[in-house]
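Report on one structure; see the data block that follows.
Residue numbers (our numbering): 28 to 139.
Have a look at this one:
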């Protein structure tokens, strides 16, 4: 193997490792989003005073979306990293939040 062959192999190996790392990251964020959605649905189901039957929930990759059917108010939670979420409430961005701040924002939205 010549010098260029060795470097070409290194570059290919590095590219493959980067692809695997990105796929792993996406899988982790997808799992976080599914867990958030499951926890939300469980919470809503255990609290009948909330508009449970009237709340539509969807999960798409790392994004959880909830919409109140009666009012069309929405909340969108994007998992940007484990324990870090970007929130949009009724179309207004609320920035990046940790898990506790995300939960508080969603609970306040549910109570409205």
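Glycine residues also receive a C-beta, built at the ideal position from the N, C-alpha and C atoms.
N- and C-terminal bounds of the alpha helix (DSSP H) containing residue 99 = Position 72 of the chain shown holds residue 99. From DSSP, residue 99 is part of no alpha helix (DSSP H); its letter is neither H nor E.
ask   = If we count the other Cβ atoms within 10 Å of its Cβ and call it buried at 16 or more, is residue 67 buried or exposed?
value = Working through the chain shown from its first residue, we reach residue 67 at position 40. Residue 67 is buried by the Cβ-count criterion.
Status (buried if at least 16 other CB within 10 Å, exposed otherwise) for residue 112 = Within the chain shown, residue 112 is the residue found at index 85, counting from 1. So residue 112 ends up on the buried side.
request  = Go ahead and pull the three-state DSSP assignment for residue 113.
outcome  = In the chain shown, residue 113 corresponds to position 86, counting from 1. Correct three-state label for residue 113: strand.
Stretch pair the stretch 47 to 64 + the stretch 84 to 104: three plus CB contacts closer than 8 Å = yes
inquiry  = I need the boundaries of the alpha helix (DSSP H) containing residue 49, first residue and last residue.
reply    = Against the chain shown, residue 49 aligns to sequence position 22. 30 to 73 is the span of the alpha helix (DSSP H), which, as asked, contains residue 49.
ask   = Can you give the Cα-Cα distance for residue 18 and residue 56, rounded to whole angstroms?
value = Lying outside 28 to 139, the shown extent of the chain, residue 18 is not represented and no answer is given.
ask   = Which residues does DSSP pair with residue 87 in a beta bridge?
value = Residue 87 sits at position 60 when you count from the first residue of the chain shown. Answer by DSSP bridge pairing, in chain order: 90.
query = Rounded to a whole number of angstroms, what is the C-alpha to C-alpha distance between residue 29 and residue 84?
reply = The residue labelled residue 29 in the question sits at position 2 within the chain shown. The residue labelled residue 84 in the question sits at position 57 within the chain shown. One C-alpha to the other measures close to 56 Å.
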